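Student: To start, I am sharing the structure in question, which I have written as structure tokens.
Chains as they are written, first to last, in UniProt numbering: chain A, 1 to 418; chain B, 1 to 418.
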């Protein structure tokens, strides 16, 4: 599919992440206005609340954009999602007859502050990138036992904490936690020393289900995707995670990009999952190209210094797709709801510079990275700003998510003094 | 504290679980009426929606009982919780001047169907009973390594799935899942063969927090308690749980009792936590008697047969209280919300007949139980009805929760045929 031309001229720049082919969904506020739903087009945002009030969007009896979240649209289901995309494409296309009515509802993106694009119902995080699982397993259990026996048969996942999900731009306070160094007898309550990122893509469930669903149904139920940084306290995790998995190590914050890129926008970029040495059981089998060719990168900027790209990888490196993860999630009869968020798991590529966490990039802290500023890093330092970037390259256009950014604030001196 | 006498005479029976000292909160419906909030008193339920409409309850500017959940009351905070309890006590006490206005708002409990008493925000399950953790650890890792190294220092927990929480009386469908027997090379997708219960008490968070809170603050933030059965698919769990903990094994359903017993009602029954060989770190230390003396039991009734009591234990057997669990939950800065539900973990006593799961009672399936009907059980069979019971014994009165019941339905022939 070629670039679809828009009368919003910035959207026709092949490098702009928000062409007419994209139309991602966010929530924004400008000075003096409350947060509201918006659609990115070039360097502008279409105010959807106003568009609905002005009857430019009039797809359903009920209002879709009264609340500053995209959940109400999701609740309407895939037919209305498709109708909205079609209508937005018509309104914003070159030569659109409604141009004069739509133009006053555009807000410059650089004047907008972004908010959470959805109400997250529940959050699940997976561990479904093979290079990541192999790297971590090699560090902790040796190369022979790197992958757990179940890993090639099911997408391993755990429930995370929805209350900890925040939008890009939110500062991240270094947590305290119970830690025990191998050289100490007893644990202590201390600020985290090994604070890390995890580069992931999050899938948003847009259709509820109440029993096992197939991979194809799961794929149909996904509304869209965001970039996701699963901030991780490695030292807290090391002490707490046996036998029931990560808990407080993952509960400080999970950042997501401000724009939900719809499944429809990513359709041209579908790719196959990797070759498998064990055939998946029927209920998890691929039903077509299940992944997306999305280039991903991570930048780290120390406080007051320029950023360095510390990793480059691609979403197609995953072993299990989000649809396979969602299908697995329902096998036990687990009800899924509109607004559920599924983290892909850390996306690492095969190369050393393609690793999606500092744990891997610094090989457990043993091989510090050197940044362009000359500083070195094993884990995150206070003041570091971390950004995730994602882009699918089309024929003369780019599909972007907006950066997923967060700055690490120092731990509180005393977390109980308020 | 002695029995508080009510003009609802059934509430004065020392064996009735709902005396004026209790006043637990539920949601009920009768034929022809929509679900609404109610308070149990003897064998009756006070219709709170009508009591508010009739200005018998008039504590706040906003309506508290328009929705069929107790979350709106929780949102008002502890001062309003106390005011409501005081007002209800006055309305229902012997000699209450409002008796004639209140009496028409009472509904016989045996004509009511119970619904979920709250909207669960997020659900966390702990592993904080020492006898349970020791039993399970001994089975899987041997007596020397029964407790993981962290166990005596932090209440181990994992995030569960709020969408799977159901009210007592809901049938529970035996799940399918990916399993691998030790004698097989490959996993298969099959109905669960080792379906189990876990006897727990759930604590309901009634005050939101947005950073680390002390144990005393955590205790103050707890609204009340329910009985909780964390249905568990042991064979699915055995295959999936390494390295990130239980996931689909715990996602089929979690049943809770229909009545929330408030913290206030349980105050007279506070008891100390057990002696500890390792002093807890400051942020987790007891700040008074942290547990409650609540007798607990489990009954199992095969289809069409009488029930057998298969376990008797007490909530005071826990190693960590709900307040300590909640305090730990916030250490990383994890935001907690009104309606969060924290499962205590399985409550087993030291004796063989005091174990809160069939895994323990049948010692991993090796020592089948004989029921009064003559049948034996290792794990749950289709048609079995499981009930949890809880009662605190006061001076001439009983504080009960109502049974937490569920019947196991057979697995679907094909979970994907709909």
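Even glycine gets a Cβ: it sits at the ideal position worked out from N, Cα and C. Because the structure is a prediction, the values reported are computed rather than measured.
Can you list, in chain order, the residues of its chain with a C-beta nearer than 7 angstroms to that of residue 369/B? Leave out the 5 residues immediately preceding and following it.
Tutor: Translated into the one-based positions of the second chain, residue 369/B becomes position 369. Same-chain partners within the cutoff: 310, 361, 362, 376, 377.
Student: State yes or no: is the beta carbon of residue 74/B nearer than 8 angstroms to at least one beta carbon in chain D?
Tutor: Within the model displayed, chain D is absent; protein chains A and B are what it includes.
Student: Going by other Cβ atoms of all chains shown within 10 Å of its Cβ, with 16 needed for buried, is residue 255/A buried or exposed?
Tutor: Against the first chain, residue 255/A aligns to sequence position 255. It counts as buried.
Student: So what's residue 123/B in DSSP terms, helix, strand or just coil?
Tutor: Looking up residue 123/B in the second chain gives position 123. In this structure, residue 123/B counts as strand in the three-state DSSP scheme.
Student: Let me know if residue 44/A comes out buried or exposed under the rule of 16 or more other beta-carbons within 10 Å of its beta-carbon.
Tutor: Residue mapping note: residue 44/A aligns to position 44 of the first chain, counting from 1. The residue in question, residue 44/A, is buried, as its Cβ has 16 or more Cβ neighbours within 10 Å.
Student: What is the residue span of the beta strand (DSSP E) that residue 312/A lies within?
Tutor: Numbered from its first residue, the first chain carries residue 312/A at position 312. Taken as a continuous stretch (DSSP letters only), the beta strand (DSSP E) holding residue 312/A covers 308-314.
Student: Is the beta carbon of residue 429/A less than 8 angstroms from the beta carbon of residue 388/A?
Tutor: No statement about residue 429/A is possible, as the shown extent of chain A runs from 1 to 418 and does not include it.
Student: Here's a check: name, in chain order, each residue in its chain whose Cβ is nearer than 8 angstroms to the Cβ of residue 415/A, leaving out the five neighbours to either side.
Tutor: Taking the first residue of the first chain as 1, we reach residue 415/A at position 415. Once the five neighbours on either side are set aside, the close Cβ partners of residue 415/A are 176.
Student: Over the uninterrupted beta strand (DSSP E) stretch that includes residue 203/A, give me the two end residues.
Tutor: Taking the first residue of the first chain as position 1, residue 203/A is located at position 203. Here the beta strand (DSSP E) through residue 203/A covers 199-205.
Student: Quick one: is residue 55/B near chain A, going by C-beta distance under 8 angstroms?
Tutor: Within the second chain, the letter at position 55 stands for residue 55/B. No, no contact with chain A.
Student: Where are the alpha helix (DSSP H) runs, 4 residues long or more, that stay fully inside the region 123-175 of chain B, in chain order?
Tutor: Entirely contained in the region 123-175 of chain B, the alpha helix (DSSP H) runs reaching 4 residues are, in chain order, 130-141.
Student: Compare the C-beta of residue 195/B against all C-beta atoms of chain A and say whether one is closer than 8 angstroms.
Tutor: Here residue 195/B is taken as the residue at index 195 of the second chain, counted from 1. No, its Cβ sits nowhere closer than 8 angstroms to a Cβ of chain A.
Student: Where does residue 405/B fall in DSSP's three states?
Tutor: Along the second chain, read from residue 1 onward, the residue named residue 405/B stands at position 405. In this structure, residue 405/B counts as strand in the three-state DSSP scheme.
Student: Which chain A residues sit within Cβ distance under 8 angstroms of residue 233/B?
Tutor: One-based indexing of the second chain puts residue 233/B at position 233. Ordered by position in chain A, the residues that pass the 8 angstroms Cβ test against residue 233/B are 332.
Student: If the criterion is Cβ atoms closer than 8 angstroms, does the pair residue 269/A and residue 292/A meet it?
Tutor: Within the first chain, the letter at position 269 stands for residue 269/A. Within the first chain, the letter at position 292 stands for residue 292/A. Going by C-beta atoms, residue 269/A is nearer than 8 angstroms to residue 292/A.
Student: For residue 307/A, which residues from the same chain have a beta carbon less than 6 angstroms from its beta carbon, with the 5 sequence-adjacent residues on both sides left out?
Tutor: For this step, residue 307/A is matched to residue 307 along the first chain. Counting only Cβ-Cβ distances below 6 angstroms, and skipping sequence neighbours, we find 299, 301.
Student: With a threshold of 8 angstroms on Cβ separation, who are the neighbours of residue 331/A within its own chain once the five nearest residues in sequence on each side are excluded?
Tutor: Along the first chain, one-based indexing puts residue 331/A at 331. 212, 283.
Student: In its own chain, which residues sit with a C-beta less than 7 angstroms from the C-beta of residue 235/A, not counting the 5 before and 5 after it?
Tutor: Residue numbering aside, residue 235/A sits at position 235 when the first chain is read from its first letter. 179, 192, 193, 194, listed in sequence order.
Student: Would you kindly report the start and end of the unbroken beta strand (DSSP E) that includes residue 483/B?
Tutor: Nothing in the structure corresponds to residue 483/B, since chain B is present only between 1 and 418.
Student: With a 10 Å radius around its C-beta and 16 neighbouring C-beta atoms as the bar for buried, classify residue 140/A as buried or exposed.
Tutor: Against the first chain, residue 140/A aligns to sequence position 140. It counts as exposed.
Student: Closer than 9 angstroms by beta-carbon distance: list the chain B residues that pair up with residue 178/A, in chain order.
Tutor: Position 178 of the first chain, counted from the start, is the residue given in the question as residue 178/A. Neighbours of residue 178/A on chain B, chain order: 150, 153, 154, 281, 283, 284, 328, 331.
Student: Jot down the residue ranges of each uninterrupted beta strand (DSSP E) in the region 95-124 of chain A, minimum 3 residues, whole runs only, in chain order.
Tutor: Correct list: 106-108, 113-115.
Student: I need the straight-line Cα distance from residue 142/B to residue 325/B, nearest angstrom please.
Tutor: Along the second chain, one-based indexing puts residue 142/B at 142. Along the second chain, one-based indexing puts residue 325/B at 325. Taking the straight line from one Cα to the other gives about 27 angstroms.
Student: Can you give the beta carbon distance from residue 209/A to residue 221/A, rounded, assuming they're within the 8 angstroms contact cut?
Tutor: Taking the first residue of the first chain as 1, we reach residue 209/A at position 209. Taking the first residue of the first chain as 1, we reach residue 221/A at position 221. Residue 209/A to residue 221/A, Cβ: 6 angstroms. Contact.
Student: Could you round the C-beta distance between residue 409/A and residue 382/A to whole angstroms and report it? I think they count as a contact, below 8 angstroms.
Tutor: Taking the first residue of the first chain as 1, we reach residue 409/A at position 409. Taking the first residue of the first chain as 1, we reach residue 382/A at position 382. At roughly 7 angstroms, the Cβ-Cβ gap stays under 8 angstroms, so residue 409/A and residue 382/A are in contact.
Student: Nearest-angstrom Cα distance between residue 246/B and residue 174/B?
Tutor: As a first step, residue 246/B is located in the second chain; it is residue number 246 there, counting from the start. As a first step, residue 174/B is located in the second chain; it is residue number 174 there, counting from the start. Spanning the two alpha carbons is a distance of roughly 17 angstroms.
Student: Assign residue 66/A to one of two classes, buried (16 or more other C-beta atoms within 10 Å of its C-beta) or exposed (fewer than that).
Tutor: Here the question's residue 66/A lines up with position 66 in the first chain. The residue is exposed, with fewer than 16 neighbouring Cβ atoms inside 10 Å.
Student: Check whether the region 34-43 of chain B and the region 9-25 of chain B touch, using three or more Cβ-Cβ pairs below 8 angstroms as the test.
Tutor: The answer is yes - the region 9-25 of chain B touches the region 34-43 of chain B, with three or more Cβ pairs under 8 angstroms.
Student: By how many angstroms is the C-alpha of residue 406/B removed from the C-alpha of residue 386/B?
Tutor: Numbered from its first residue, the second chain carries residue 386/B at position 386. Numbered from its first residue, the second chain carries residue 406/B at position 406. Computed Cα separation, rounded: 5 angstroms.
Student: Cβ of residue 327/A within 8 angstroms of Cβ of residue 218/A?
Tutor: Counted from its first residue, the first chain places residue 327/A at position 327. Counted from its first residue, the first chain places residue 218/A at position 218. Cβ distance < 8 angstroms, so residue 327/A and residue 218/A count as in contact.
Student: Within 8 angstroms of any Cβ in chain B, is that where the Cβ of residue 336/A sits?
Tutor: The residue given as residue 336/A occupies position 336 in the first chain. Cβ-Cβ to chain B under 8 angstroms: yes for residue 336/A.
Student: Hey, how far is the Cα of residue 17/A from the Cα of residue 400/A?
Tutor: Mapped onto the first chain, residue 17/A falls at position 17. Mapped onto the first chain, residue 400/A falls at position 400. Whole-angstrom Cα-Cα distance: 4 angstroms.
Student: I'd like to know if residue 355/A contacts chain B, where contact means its C-beta is closer than 8 angstroms to some C-beta of that chain.
Tutor: Taking the first chain and counting its residues from 1, one reaches residue 355/A at position 355. No, residue 355/A does not count as interfacial toward chain B.
Student: Taking buried to mean at least 16 other C-beta atoms within 10 Å of its own C-beta, is residue 71/A buried or exposed?
Tutor: Looking up residue 71/A in the first chain gives position 71. With 16 or more Cβ atoms within 10 Å of its Cβ, residue 71/A is classed as buried.
Student: When you check each C-beta in the region 157-179 of chain A against every C-beta of chain B, which residues fall closer than 8 angstroms?
Tutor: Against chain B - using a Cβ distance shorter than 8 angstroms - the residues of the region 157-179 of chain A are 157, 158, 159, 160, 161, 162, 163, 164, 173, 175, 176, 177, 178.
Student: Whose C-alpha, out of 53/B, 146/B, 113/B, 6/B, is nearest the C-alpha of residue 91/B?
Tutor: As a working note, residue 91/B is residue 91 in the second chain. Considering only alpha carbons, the answer is 6/B.
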